[in-house]
Every structure is written in structure tokens, then in C-alpha cells.
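Note sheet for the following structure.
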Amino acid sequence: MKQDLTPKEEEAMNIFWQHGPQFVREMLNFYPDPKPHFNTLSTVVRTLEEKGYVAHQSIGTSYQYYAAVTAEQYHKNTLSSVISRYFKGSYLSAISALVQEEHISVDELKQLVDEVEKGTK
């Protein structure tokens, strides 16, 4: 996992995470109308493979693709990347910004601290 995902790549990854291994043609069933063109989706999946998020196995003359990274690994990596990039690696600065911008209340923060303290006992 070297690079961030585009929205279209993340959408494709969600299909792998939710539905398991897929042929590109099968993936089209999980898209709402208007569905992407087969070639467009195929390019997205190959790009995901180049980035290390997807791998494939040969079945006959086709490739069945599967997630090489779990959703949890991706989310953890993405959060770490955001913290590193925008908060100079400081999780405390990130939480402080959430409180200051009122995305999390002081009461919610206290509740979180209580939960963490209970979990470490």
C-alpha cells in the first residue's frame, strides 16, 4: 500500500471487501446505474493491482481479482497518513483539532478516555 486511493478505486475496493474475489464482469453487478464501462473498471482494477491493493489468480483465460489488503489495514494506513501529513504525526494535535472544530465534544472525549482506561485495566 504505497499510494492513496482515488474515489473510484476505493469504490472498487469496497466491492472486494464486501463480496470477496471477483471477475471484473461480476463487479459491474454491484454498481448502480449508470454502470462504468467494462474497460474503465478493468483499468481501475489493474491500477489497484499495481498499487498493491489487489492481486489475482488465473482461472482459464480470465483473472479473478481479490483484495490483497483488508479494509482494516487500509483504514489504519489512511488514518496514519492523514495524521502524518496534516498534523506532523501528532495524534494529540488531531484530536485537539477535532475538539476545537466541534466535531467531537469535551464530554465525548471524556467518554473515550473512560473507555480506554477501562480497556487497559
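Letter by letter, the sequence shown follows residues 3 to 123 of the working numbering. No residue lacks a Cβ here, since even glycine has one placed at the ideal position from N, Cα and C.
- Listed in chain order, the alpha helix (DSSP H) runs fully inside the region 28-107 are 40-53, 73-89 and 93-102, counting runs of at least 4 residues.
- Closest option to Glu-74, judged by alpha-carbon separation, among Tyr-55, Pro-34, Val-26 and Glu-28: Tyr-55.
- Counting only the Cα atoms, Thr-8 lies some 29 angstroms from Thr-63.
- The alpha-carbon of Lys-10 is positioned some 16 angstroms away from that of Tyr-68.
- In this structure, the CA atom of Leu-30 is about 7 angstroms from the CA atom of Phe-40.
- In the three-state scheme derived from DSSP, where H, G and I count as helix and E and B as strand, Gln-5 is classed as coil.
- Gln-24 has Tyr-67 as its beta-bridge partners, per DSSP.
- Taking the C-beta atoms as reference points, Ser-98 is found no nearer than 8 angstroms to Asp-6.
- The beta carbon of Ser-44 sits closer than 6 angstroms to those of Val-26, all from its chain and outside the five residues before and after it, given in chain order.
- With 16 or more other CB atoms across the displayed protein chains lying within 10 angstroms of its CB, Gln-24 is buried.
- Spanning the alpha carbons of Ile-106 and Glu-119 requires a straight line of approximately 19 angstroms.
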